[in-house]
Amino acid sequence: MEVHTGILFQITIPNVGSHHPGDMLKKLDPPACNFEVDYGDRAEHCWNGDHTQPNYISRLRYHQMYIKKWAEEVKSRAPRGADLKLWRY
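First residue of the sequence shown? That's 664 in this note's numbering, and the numbers climb one at a time after it.
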């Protein structure tokens with residue numbers, strides 16, 4: 664699971680809304696899943712986790728940001744003996 668959020672609104676909504684999901688997940692013992700929590704400084708609430716580009720550009724490249732993570736997840740869940748090379752170009 665990935666949680667990406669901007670903290671641009673922390674002036675009017677003091678960190679509670681932005682940081683609550685990450686704080687809650689970190690308290691789970693044992694964790695319910697593998698997770699990544701990422702905060703975008705000065706990014707709007709719909710920030711998507713790209714620290715290198717503004718949102719209006721990074722929204723056009725979700726596939727570049729997530730396909731490698733997705734492929735690794737598929738690989739980790741594949742049954743023993745599954746052909747993992749056929750779909751990797």
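We treat Cβ as the ideally placed atom computed from N, Cα and C, and that holds for glycine.
This one's a predicted model, so the numbers in the text were calculated from it and none came from an experiment.
Who are the Cβ neighbours of residue i in its own chain at under 8 Å, not counting the five residues just before and after it?
i: Leu691; result: none
i: Pro684; result: Val666, Thr668, Val700
Can you have a look at residue i and say buried or exposed, based on whether 16 or more other CB atoms are within 10 angstroms of its CB?
i: Ala741; result: exposed
i: Ala706; result: buried
Using the C-alpha atoms, what's the distance from residue j back to residue i?
i: Trp750; j: Trp733; result: 13 Å
i: Ile720; j: Tyr729; result: 15 Å
i: Lys731; j: Lys748; result: 14 Å
Near residue i, what residues of its chain come up, given a Cβ to Cβ distance below 6 Å and the 5 sequence neighbours on each side ignored?
i: Phe698; result: Met664, Leu688
From the DSSP output, in three-state form, read off residue i for me.
i: Asp686; result: helix
i: Lys732; result: helix
i: His726; result: helix
Residues bridged to residue i by DSSP?
i: Tyr702; result: Thr668
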